[in-house]
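In what follows, a structure is listed as structure tokens, so that the remarks can point back to it.
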Amino acid sequence: MAEEIKQEETKVEAKKIMGTMLKVILGLVFLALGALALIKWWPDLLLVVKGCIGLFLILAGIITLAIAKE
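Quick note on our numbering: the sequence shown kicks off at 110 and runs consecutively.
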């Protein structure tokens with residue numbers, strides 16, 4: 110009976126470790142792909158950021174006016 114409990118605990122721990130390792134590997138793959146995409150599409154990213162500056166400033170102004178109104 111005690112051996113069965115130990116075997117079940119070992120199986121559960123092994124599953125947890127495998128799940129954690131899978132998540133870590135998947136996270137590293139996503140980080141690498143993100144870095145490669147950032148390097149490859151750098152000019153396009155700058156274009157998007159430049160395009161969003163005006164909208165960001167408008168939003169910041171609206172929020173500032175809403176805070177000042179209170």
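Backbone N, C-alpha and C fix where the C-beta goes; we use that ideal spot for every residue, glycine too.
Would you say LEU147 and LEU154 are within 8 Å of each other, going by their C-beta atoms? yes
Quick one: what does DSSP say GLU122 is sitting in, helix, strand or coil? helix
Could you tell me the distance, in whole angstroms, from the CA atom of VAL121 to the CA atom of GLY143? 33 Å
Three-state secondary structure (DSSP) at TRP150? coil
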